[in-house]
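Those protein sequences? They're chains A and C, same order as listed. If you're matching positions, the first sequence starts at 328 in the working numbering and goes up one per residue. If you're matching positions, the second sequence starts at 72 in the working numbering and goes up one per residue. Glycine residues also receive a C-beta, built at the ideal position from the N, C-alpha and C atoms. What follows is a short report on a single structure.
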Amino acid sequence: MQFLFRYANPAQFMRLSDAALPLLVAATLLAFAVGLYLGLTVPPDYQQGDSVRIMFLHVPAATAATTVYGAIAVCSILSLVWRHPLSDTAARAAAPFGALFTALGLVTGAIWGKPMWGTYWVWDARLTSFLLLLFIYFGYMALWNAIEDEVKAARAAAILALVGAVNIPIIKFSVEWWNTLHQGESIVSGHLAPVFLAPLLVMMLAYLLLFATLWTVRIRTAILERRARSLMQGAA
Amino acid sequence: MSGPFVTLLLRDLKLAARGGGSAALALSFFALVATLVPLGVGADLNLLARVAGGVLWVGAVLAALLSLDRLFQGDFEDGSLELIALSPLPLELAALAKILAHWLATGLALTLLSPLLALMFNLPGNAMRMLFVSLLVGTPAVSAVGAIGASLTLSLKRGGLILPLIILPLLVPAVIFGAGAVGAVLDGIAGGGALGLLAAFSGASVLLSPFAAAACVRLNLSS
């Protein structure tokens with residue numbers, strides 16, 4: 328806990344992130360360069376042909392989309408239980424990226440689905456649960472924007488995020504019970520050909536680094552915005 | 072403890088019955104949605120029997136949503152919510168009483184109306200019974216999860232618009248298992264599995280959501 332609260336002070340966070348940001352940007356660019364190079368140079372799949380390369384954009388987007396929700400849920404617990412002062416800002420800043428990654432996962436999935444399944448959209452379990460995740464992100468962001476009092480908005484959004492965190496596994500289970508066409512996961516179970524594994528893992532790292540970079544920038548922007556506002560109020 | 076709980080429950084039921092008749096409105100809305108569907112998809116009785124479970128489940132969820140935004144809002148605006156919060160009754164139990172009152176006034180009423188609409192959708196008898204039971208078991212989840220949304224948006228003037236966006240994704244399991252149980256019976260399989268999952272979802276929602284709703288009410292009262 329001690330470790331987390333050392334960076335609770337916005338000034339402390341600004342100092343630290345100022346130093347970390349160039350490193351994050353460099354690491355993101357490097358990971359994308361390596362990941363895209365590997366992804367474009369692996370041999371085409373014997374069944375899917377070149378369409379398999381879409382996977383390197385699709386699967387990391389989906390992983391990032393769920394990771395962002397996890398980050399929001401952790402921030403919400405920190406905010407509700409320990410009143411960690413930065414975590415509300417962090418949770419709010421993360422939500423648009425979650426929605427973006429979810430949308431990206433849906434769009435790349437549709438583009439891959441056309442040649443593979445013969446249709447852009449099927450009401451398959453994973454697609455449907457990701458569509459629902461997108462709506463959950465929309466609802467979360469809408470609640471933040473709707474409540475004017477920032478303290479109240481933060482607490483309400485945190486409660487909603489935790490309700491969602493309990494519910495998302497149930498939604499996922501129920502949708503899977505309802506219909507399954509999407510192939511099961513193939514990384515842990517070892518069904519993925521080893522040549523495809525390296526670019527996939529690098530791209531996953533690249534997406535997560537991209538999220539970390541943009542997230543840091545957005546938190547910094549929010550802190551600066553708040554400072555500017557209080558300065559203007561002081562001047563008026 | 073049961074004294075104030077029952078008092079609050081009866082008060083909310085009286086308000087639902089006398090104050091604008093939200094139960095009657097929800098029932099009319101439910102019947103109207105059920106009337107629009109054949110006009111949209113055609114009057115083929117086989118097709119209607121096929122979609123009846125899903126259509127009536129979706130219609131019931133939407134109808135129950137209509138009166139949800141007023142679950143705490145009226146009491147919040149006239150100050151009685153603060154009195155309820157100050158009373159010896161824990162706020163969690165007060166939330167449970169309100170959820171129960173909302174379910175009795177809408178969920179149960181919708182369930183009782185459903186066999187009539189199912190008849191008009193040409194649903195066979197055994198599937199109709201399953202629809203009735205699944206609504207009976209599943210609509211408490213709608214009131215319970217809805218109470219979380221209602222308490223989150225209770226200080227908002229336009230809370231009615233944001234409420235469905237927040238809670239409809241959370242109600243997906245109820246619709247899937249409820250309509251799934253009816254579909255299973257239509258396919259000649261026992262729908263007991265889906266019904267069991269629906270009951271589990273419903274029970275967990277009713278047990279857990281009063282805590283979330285009470286937390287949101289407290290946060291909106293503290294200012």
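{"Query": "Please state the DSSP three-state secondary structure of Gly90 (chain C).", "Result": "coil"}
{"Query": "In angstroms with no decimal places, state the Cα-to-Cα distance between Asp258 (chain C) and Leu459 (chain A).", "Result": "27 Å"}
{"Query": "Examine the Cβ distances between the stretch 342-361 of chain A and the stretch 524-538 of chain A and report whether three or more of them are shorter than 8 Å.", "Result": "yes"}
{"Query": "Counting along the chain, where does the alpha helix (DSSP H) carrying Asp115 (chain C) start and finish?", "Result": "Counting along the chain, Asp115 (chain C) falls outside any alpha helix (DSSP H), and DSSP gives it neither H nor E."}
{"Query": "Please tell me whether Leu242 (chain C) and Phe465 (chain A) are closer than 9 Å, where the distance is taken between their beta carbons.", "Result": "no"}
{"Query": "Relative to the alpha-carbon of Leu107 (chain C), which residue among C:Val204, C:Phe147 and C:Leu127 has its alpha-carbon at the smallest distance?", "Result": "C:Leu127"}
{"Query": "Since Gly376 (chain A) sits in a beta bridge, which residues does DSSP pair it with?", "Result": "A:Asp372"}
{"Query": "Below 7 Å on C-beta distance, what does Pro304 (chain C) contact in chain A?", "Result": "Outside the modelled stretch of chain C, which goes from 72 to 294, sits residue 304 (chain C), for which no answer is possible."}
{"Query": "Closest by CA to Gly125 (chain C), which one among C:Ala212, C:Gly249, C:Gly90 and C:Ala180?", "Result": "C:Gly249"}
{"Query": "Taking the continuous alpha helix (DSSP H) assigned at His385 (chain A), which residues delimit it?", "Result": "Met382 to Trp409"}
{"Query": "Locate the alpha helix (DSSP H) running through Val449 (chain A), then write down its first and last residues.", "Result": "Run containing Val449 (chain A): none; DSSP gives neither H nor E here."}
{"Query": "Could you say which of C:Thr224, C:Leu164 and C:Ala95 lies nearest to Phe143 (chain C) if we only look at CA atoms?", "Result": "C:Thr224"}
{"Query": "Measure from the alpha carbon of Arg419 (chain A) to the alpha carbon of each residue in A:Arg554, A:Glu552, A:Ile546 and A:Ala555, then state which is nearest.", "Result": "A:Ile546"}
{"Query": "Indicate, with yes or no, if the ligand HEM has a heavy atom lying under 8 Å from the CB of Pro109 (chain C).", "Result": "With respect to the ligand HEM, the structure shown offers nothing to examine, as it has no ligands at all."}
{"Query": "For the stretch 268-283 of chain C, which residues have a beta carbon sitting closer than 7 Å to at least one beta carbon of chain A?", "Result": "Phe272 and Ala283"}
{"Query": "Helix, strand or coil for Glu148 (chain C)? Go by DSSP, reduced to three states.", "Result": "helix"}
{"Query": "Going by C-alpha to C-alpha distance, which of C:Ala245, C:Val216 and C:Ile155 sits closest to Thr78 (chain C)?", "Result": "C:Ile155"}
{"Query": "If you measure between the beta carbons of Ser46 (chain C) and Ala166 (chain C), is that distance less than 9 Å?", "Result": "This structure gives no information on residue 46 (chain C), because the portion of chain C shown stretches from 72 to 294."}
{"Query": "If you measure between the beta carbons of Leu184 (chain C) and Val253 (chain C), is that distance less than 9 Å?", "Result": "no"}
{"Query": "For Trp471 (chain A) and Leu384 (chain A), I'd like the C-alpha separation in whole angstroms.", "Result": "30 Å"}
{"Query": "Spatial neighbours of Ala270 (chain C) within its chain, please: CB distance less than 7 Å, with the 5 preceding and 5 following residues excluded, ordered by chain position.", "Result": "Val208"}
{"Query": "May I have the straight-line CA-CA distance separating Leu508 (chain A) from Ala452 (chain A), to the nearest angstrom?", "Result": "Confidence in Leu508 (chain A) is poor, its pLDDT being 43 and thus under 50, which makes the residue's placement unreliable; the coordinate value appears in the next sentence. Distance between the alpha carbons of Leu508 (chain A) and Ala452 (chain A): 7 Å."}
{"Query": "Starting from Ala286 (chain C), find everything on chain A with Cβ-Cβ shorter than 8 Å and list it in chain order.", "Result": "Ile486"}
{"Query": "Over the uninterrupted alpha helix (DSSP H) stretch that includes Phe523 (chain A), give me the two end residues.", "Result": "Pro521 to Ala562"}
{"Query": "For His509 (chain A), which of helix, strand or coil comes out of DSSP?", "Result": "Residue placement at His509 (chain A) is flagged as unreliable, the pLDDT there being 46, under the threshold of 50; a coordinate-derived value is accordingly withheld."}
{"Query": "Flag Ser226 (chain C) as yes if its beta-carbon sits less than 9 Å from any beta-carbon of chain A, otherwise no.", "Result": "yes"}
{"Query": "Just to make sure I have the definition right: I need the residues of chain C whose C-beta is within less than 7 Å of the C-beta of Trp505 (chain A). Which are they?", "Result": "Ile247 and Gly251"}
{"Query": "If the cut-off is 7 Å on Cβ atoms, which residues from the stretch 461-490 of chain A count as contacting chain C, listed in chain order?", "Result": "Phe462, Ile463, Phe465, Gly466, Ala469, Leu470, Ala473, Ile474, Lys479, Arg482, Ala483, Ile486, Leu487 and Val490"}
{"Query": "Taking all protein chains shown into account, do 16 or more other C-beta atoms lie within 10 angstroms of the C-beta of Thr540 (chain A), making it buried, or fewer, making it exposed?", "Result": "buried"}
{"Query": "Could you check what DSSP says for Val277 (chain C) in three-state terms: helix, strand or coil?", "Result": "helix"}
{"Query": "Can you name the residues of chain A whose CB is closer than 7 Å to the CB of Ile237 (chain C)?", "Result": "Gly466, Leu470 and Leu487"}
{"Query": "Please name the residue in C:Ser205, C:His173 and C:Trp174 whose C-alpha comes closest to that of Pro186 (chain C).", "Result": "C:Ser205"}
{"Query": "Looking only at its own chain, which residues have a Cβ that is under 6 Å from the Cβ of Val502 (chain A), when we skip the five neighbours before and after it?", "Result": "Ala452, Thr455 and Ser456"}
{"Query": "Identify the continuous alpha helix (DSSP H) that holds Thr177 (chain C) and give its terminal residues.", "Result": "Careful: Thr177 (chain C) lies outside any alpha helix (DSSP H) and carries neither H nor E."}
{"Query": "Alpha carbon to alpha carbon, how far is Phe282 (chain C) from Ile219 (chain C)? Give it in angstroms, no decimals.", "Result": "9 Å"}
{"Query": "Starting from Ala224 (chain C) and walking both ways along the alpha helix (DSSP H), at which residues does that stretch end?", "Result": "At residue 224 (chain C) the sequence reads Thr, which differs from the Ala that was named. Here Thr224 (chain C) belongs to no alpha helix (DSSP H), and DSSP marks it neither H nor E."}
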